[in-house]
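S.K.: Supplied in structure tokens, the structure appears directly below.
Protein chains in written order, with this note's numbering: chain A, 421 to 714; chain B, 200 to 537; chain C, 429 to 859.
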């Protein structure tokens, strides 16, 4: 089982021994394929950035140009002419809370279903799976009514709770798989030292599960950061919107301000990409082991 | 180790491995004793899952129960009683049994949409998995610029899906889109990507593949790295060809990761509402409409059909549950434990 | 406004949600005011208004009007929320049925009004201070505010479709005047293609934009009076054949089915097409295009006539009040203020949206706005649509049919037959 400490450098050395050198031809093929794949993966994003730099005439034009009077005007318009700053604030708070609470709940749940066989165990497992099967688009009205009844409409906690139902089931599942890969003897050692089961979990097991926590955190963050359906329906006030919901304002039925949309999209994607940079190494290890047991 | 179907004894309560689920014994605990004992036994476990169960039960369970009830009535936005200010609307909806389900299942459109939804799901998940695995295999090799490639390849994940939908719609634009501009520059002539049922289907699948590959690739990469190197070395010593190494070491080593991501990928793709809704709006005609988007349109245009939408929701959910059950059984046969 | 539940009452709230989910608990709704307060400017309260205009180009005008309103009614605070027009209907329905989160005042599209009213979401306005001098409103827009003999909204702006064309390109093709009939339209378009080297006409693949062709041949979707579905009529078959012929003959460019609106507009702005059908809301955007730096180059003409008449649909927006509003009196005043001839004149002058009051057209500011002046006579001949609660469901089947027709997947006859079948599913018991 790979852990966070098994960096690429280490893995490389191991593998050199195992396999022979690649021929020049297959090297070219390998790099060629990866370059093509990277270009495809990157192209829409590059185009997004290029469009965000274009003035109004250039967004949709009969003549296609890579650069067309590039400027940062669109960014200036987004930051000063719209509610972008307050949307950003809401998004950061909501995604932050979702991440912190989501990771906590997912790890306790994951630990419980990994270590204990308690009455209702199977029910919890199915619940976590079925929750992800829920066709949100169709059942949004009863959810809205529920939120309204609880007084959680247009409130940050309301949206955070709604995101929990999306993020936690997947995350708990991942955490369960990772905990399964941690030897039980470690728990027992903790118990022998006089820790309660919760103490064992918190002090001993959780620190070992760091890679999986990274995945969980990342997934929760991305869920809350990019979600639109709940955000646009539950947050009715202009100043309460999240970035993703706010962005929809820039594209209407009979008009689209591509400049604002693309500039804002770039501003949204950048923090997500930064989070990525930090967690991507853990991501690999976490996802892996997390998924070991269905 | 408690392997019987009886209650798990106190000493083994927290040793999960091998313990058959004691939920089956639940019904027997009639006397006060076992209840108290199980409370003291399972206290920790229950406390740890409680928050999630409570929130999920409230936010998912309640709408689900209500949805099942509504699906058996003829409730619409107009027949559901309510008082708003001076306007009093009496409740006039009635219990109609399974009429809504019969209505949905006997409509030719349901089967048409189901077929396309299955094609869409299978195509997307197969491509996610195939391409994701292929890229992961490449990235798992000793390679210059490996981390650069890895970063570039996972970037689509950082783009929120609805933004991705808008970008792609923009790229696909038949008159002014970049893709057609490049095709024309190459002398091939443009394609009305979203204007023809076949190309529109290909187009939406392509976008979903673009969005979904990073997750799959990372999961597979993780899976590959978790396969002990010794296995490869042993295989090499035995003179196995690269294909044999892949077939007999890599594939079995990835089975557990694969089984999870395939199941989740299928569920996610099946219900991938925003992509189709934002890129084609279900068109041209209603050719790219999958079950969720179609159900949404049926139930939410004009005066909302609550009963109809609930029936659709329950049917979609049941389809997925059945799929999960079959899948689980198939895994069991292969010796996987769940 | 919104009732906030304290944590202590959450349990009670839950019980309430269980019993009233979908119904909403309306027990606390304000009773309608019987008599107007002595001094309206002393009315107090906080109201939320969902506006659906373009936030960048049109929003500021309405925000300025709100400032004026608040100056006049110092005790009323207006929360301005811009909701995209394609989401507003859905969001309002969700919020209105729950009894929480809905705005006090909504800018409702003419076709939504009767639907909202039929569902009990709107406050009846008959005899209230919201409606002032009703006879001054244009008949078409006013008819959209009525449901079952009661008034549920006040017309805010109106619009219709017209033929917008590039005068320079038409001149190059040898035409000084805009085509008056669909036949002429085809000829002019072909001439433009031949002589000016660009496309003559760009179609927008959207149901609303199909209506002028149907009305032109004397067709319609429904006959509400006698409860008949009339979409599958010989007149409409003729109209659809004409539309298909415009494309196959090359008079109109083969339209993109997705984003055809944006593409048609782009082509017009860049001088790649000579004519499109569009409404007054598009003018601001068109004038940003490079072909229309000189506004004089844009011609606006009534939609070309079919074999029967020239007919464009009536569109527009109303202001309606949510029946569950806690500040009905303040909402009345706001709607009243926003629909005065002065307010409408200001809107018309600044952003060329067409007033719904006859008297507003006498205002010098309005008369000074060329676009409004051009659209006024077109408006007078616009055909009102059937204002029925199901009106919003008519367009999707038609759109799907239109898309198949242009994609060459169906014939006009088959297309209308399919649409007719779908309408029969919506209007049970109609003949």
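Note that CB positions come from ideal geometry on N, CA and C, so glycine has one too.
Since residue 590 (chain A) and residue 552 (chain A) should fall inside the 8 Å C-beta cutoff, what is the C-beta to C-beta distance between them, to a whole number of angstroms?
M.R.: Sequence index remark: in the first chain, residue 590 (chain A) carries index 170 (1-based). Sequence index remark: in the first chain, residue 552 (chain A) carries index 132 (1-based). That pair is a contact at about 6 Å.
S.K.: When the distance is taken between beta carbons, is residue 701 (chain C) closer than 7 Å to residue 627 (chain C)?
M.R.: Along the third chain, read from residue 1 onward, the residue named residue 627 (chain C) stands at position 199. Along the third chain, read from residue 1 onward, the residue named residue 701 (chain C) stands at position 273. Taking 7 Å as the Cβ cut-off, residue 627 (chain C) and residue 701 (chain C) qualify as a contacting pair.
S.K.: Classify residue 514 (chain C): buried if its beta carbon has 16 or more other beta carbons within 10 angstroms, exposed otherwise.
M.R.: Stepping through the third chain from its first residue, residue 514 (chain C) is reached at position 86. Exposed.
S.K.: Report the rounded CA-to-CA distance for residue 285 (chain B) versus residue 357 (chain B), giving the unit in angstroms.
M.R.: As a first step, residue 285 (chain B) is located in the second chain; it is residue number 86 there, counting from the start. As a first step, residue 357 (chain B) is located in the second chain; it is residue number 158 there, counting from the start. Taking the straight line joining both Cα atoms gives about 49 Å.
S.K.: Would DSSP call residue 627 (chain A) helix, strand or coil?
M.R.: For the purposes of this step, residue 627 (chain A) is identified with residue 207 of the first chain, where counting begins at 1. Of the three classes helix, strand and coil, the one that applies to residue 627 (chain A) here is helix, per DSSP.
S.K.: Tell me which residue opens and which closes the beta strand (DSSP E) that residue 514 (chain B) is part of.
M.R.: Within the second chain, numbered from 1, the residue matching residue 514 (chain B) stands at position 315. Premise fails: residue 514 (chain B) lies in the alpha helix (DSSP H), 505-532, not in any beta strand (DSSP E).
S.K.: In three-state DSSP terms, what is residue 535 (chain C)?
M.R.: For this step, residue 535 (chain C) is matched to residue 107 along the third chain. Strand, per DSSP.
S.K.: Between residue 373 (chain B) and chain C, is there a C-beta pair that is closer than 7 Å?
M.R.: Numbered from its first residue, the second chain carries residue 373 (chain B) at position 174. With 7 Å as the cut-off, residue 373 (chain B) counts as an interface residue toward chain C.
S.K.: For residue 430 (chain C) and residue 614 (chain A), what's the separation of their Cα atoms in angstroms?
M.R.: Numbered from its first residue, the third chain carries residue 430 (chain C) at position 2. Numbered from its first residue, the first chain carries residue 614 (chain A) at position 194. Residue placement at residue 430 (chain C) is flagged as unreliable, the pLDDT there being 35, under the threshold of 50; a coordinate-derived value is accordingly withheld.
S.K.: Just mark residue 268 (chain B) as buried or exposed, buried being the case when its beta carbon has 16 or more other beta carbons within 10 Å.
M.R.: Walking along the second chain from the start, residue 268 (chain B) turns up at place 69. When all chains shown are included, residue 268 (chain B) counts as exposed.
S.K.: Sort out for me which residues DSSP pairs residue 294 (chain B) with in a bridge.
M.R.: Mapped onto the second chain, residue 294 (chain B) falls at position 95. Residue 294 (chain B) is bridged to B:272.
S.K.: Whose Cβ in chain A lies nearer than 7 Å to the Cβ of residue 509 (chain C)?
M.R.: Your numbering for residue 509 (chain C) matches position 81 in the third chain. Under the 7 Å cutoff, chain A gives 657, 658.
S.K.: For a contact defined as C-beta to C-beta under 8 Å, what are the partners of residue 572 (chain C) on chain A?
M.R.: Along the third chain, one-based indexing puts residue 572 (chain C) at 144. Chain A residues near residue 572 (chain C): none, gap ~19 Å exceeds 8 Å.
S.K.: For residue 401 (chain B), tell me which candidate among B:350, B:499, B:483, B:434 has the shortest Cα-Cα distance.
M.R.: Working through the second chain from its first residue, we reach residue 401 (chain B) at position 202. Closest option to residue 401 (chain B), Cα to Cα, is B:483.
S.K.: Starting from residue 745 (chain C), follow the beta strand (DSSP E) in both directions and report where the run begins and ends.
M.R.: Numbered from 1 along the third chain, position 317 holds the residue referred to as residue 745 (chain C). Element bounds for residue 745 (chain C): 743-749.
S.K.: Specify, as a first and last residue, the run of the beta strand (DSSP E) that residue 510 (chain A) falls within.
M.R.: As a first step, residue 510 (chain A) is located in the first chain; it is residue number 90 there, counting from the start. Residue 510 (chain A) -> not in any beta strand (DSSP E); alpha helix (DSSP H) instead, spanning 504-535.
S.K.: Which residues in the same chain as residue 842 (chain C) place their Cβ atom closer than 6 Å to its Cβ, once the five residues preceding and following it in sequence are excluded?
M.R.: In the third chain, counting from the first residue as 1, residue 842 (chain C) sits at position 414. None.
S.K.: Which partner residues does residue 609 (chain C) have in the DSSP bridge list?
M.R.: Within the third chain, residue 609 (chain C) is the residue found at index 181, counting from 1. Answer is C:733.
S.K.: DSSP puts residue 508 (chain C) in a beta bridge; with which residues?
M.R.: The residue given as residue 508 (chain C) occupies position 80 in the third chain. Paired residue(s): C:477.
S.K.: Could you name the residues of chain A that residue 337 (chain B) contacts, counting a contact when the two beta carbons are closer than 8 Å?
M.R.: One-based indexing of the second chain puts residue 337 (chain B) at position 138. Correct list: 450, 453, 454.
S.K.: Using 7 Å as the threshold, is the C-beta distance between residue 383 (chain C) and residue 535 (chain C) below it?
M.R.: A query on residue 383 (chain C) cannot be resolved here, the shown segment of chain C reaching from 429 to 859 and no further.
S.K.: Which one of C:597, C:847, C:483 has the shortest CA to CA distance from residue 822 (chain C)?
M.R.: Stepping through the third chain from its first residue, residue 822 (chain C) is reached at position 394. Ranking C:597, C:847, C:483 by Cα distance to residue 822 (chain C) puts C:847 first.
S.K.: Do residue 370 (chain B) and residue 376 (chain B) have their C-beta atoms closer together than 7 Å?
M.R.: For the purposes of this step, residue 370 (chain B) is taken as the residue at position 171 of the second chain. For the purposes of this step, residue 376 (chain B) is taken as the residue at position 177 of the second chain. Yes, the pair counts as a contact, with Cβ atoms nearer than the cut-off.
S.K.: If you measure beta-carbon to beta-carbon, which residues of the segment 285-310 of chain B are closer than 9 Å to chain A?
M.R.: Cβ contacts with chain A: none found.
S.K.: Report yes or no: is there a C-beta of chain B within less than 7 Å of the C-beta of residue 486 (chain A)?
M.R.: Position 66 of the first chain, counted from the start, is the residue given in the question as residue 486 (chain A). No, because no Cβ of chain B sits closer than 7 Å to the Cβ of residue 486 (chain A).
S.K.: With distances taken from CA atoms, which of C:807, C:760, C:779, C:648 is nearest residue 475 (chain C)?
M.R.: Within the third chain, numbered from 1, the residue matching residue 475 (chain C) stands at position 47. Of the candidates C:807, C:760, C:779, C:648, the one whose C-alpha sits nearest the C-alpha of residue 475 (chain C) is C:760.
S.K.: Kindly list the residues whose CB is nearer than 8 Å to the CB of residue 580 (chain A), restricted to its own chain and excluding five residues on each side of it in sequence; keep chain order.
M.R.: Within the first chain, residue 580 (chain A) is the residue found at index 160, counting from 1. Counting only Cβ-Cβ distances below 8 Å, and skipping sequence neighbours, we find 514, 517, 518, 521, 644.
S.K.: Given that residue 824 (chain C) touches chain B, what residues does it touch there, using C-beta distances under 8 Å?
M.R.: The residue labelled residue 824 (chain C) in the question sits at position 396 within the third chain. Residues of chain B passing the Cβ test: 496, 500.
S.K.: Taking residue 674 (chain A) as the query, report the chain C residues whose CB atoms sit under 8 Å from its CB, ordered along the chain.
M.R.: Taking the first residue of the first chain as 1, we reach residue 674 (chain A) at position 254. In chain order: 513, 689, 709, 710.
S.K.: Could you name each continuous alpha helix (DSSP H) segment of 4 residues or more that falls completely within the segment 601-645 of chain C, going from the start of the chain to the end?
M.R.: DSSP runs (the alpha helix (DSSP H)) wholly in the segment 601-645 of chain C: 610-619, 639-644.
S.K.: Closer than 7 Å by beta-carbon distance: list the chain A residues that pair up with residue 261 (chain B), in chain order.
M.R.: Walking along the second chain from the start, residue 261 (chain B) turns up at place 62. Per Cβ cutoff of 7 Å: 566.
S.K.: Kindly indicate the opening and closing residues of the beta strand (DSSP E) around residue 475 (chain B).
M.R.: Within the second chain, the letter at position 276 stands for residue 475 (chain B). No beta strand (DSSP E) contains residue 475 (chain B), which is instead part of the alpha helix (DSSP H) from 472-478.
S.K.: Quick one: Cα of residue 301 (chain B) to Cα of residue 527 (chain A), how far?
M.R.: Your numbering for residue 301 (chain B) matches position 102 in the second chain. Your numbering for residue 527 (chain A) matches position 107 in the first chain. Distance between the alpha carbons of residue 301 (chain B) and residue 527 (chain A) is about 42 Å.
S.K.: Within 7 Å (strictly less), CB to CB, does residue 470 (chain B) reach chain A?
M.R.: Here residue 470 (chain B) refers to the residue found at position 271 when the second chain is read from its first residue. By this cut-off, residue 470 (chain B) is an interface position.
S.K.: Tell me the DSSP secondary structure of residue 460 (chain A) in three-state form.
M.R.: In the first chain, counting from the first residue as 1, residue 460 (chain A) sits at position 40. Residue 460 (chain A) falls in the helix class under three-state DSSP.
S.K.: Have a look at B:430, B:329, B:316, B:272 and flag the residue whose alpha-carbon is nearest the alpha-carbon of residue 494 (chain B).
M.R.: Within the second chain, the letter at position 295 stands for residue 494 (chain B). Taking only the C-alpha atoms, the option nearest residue 494 (chain B) is B:316.
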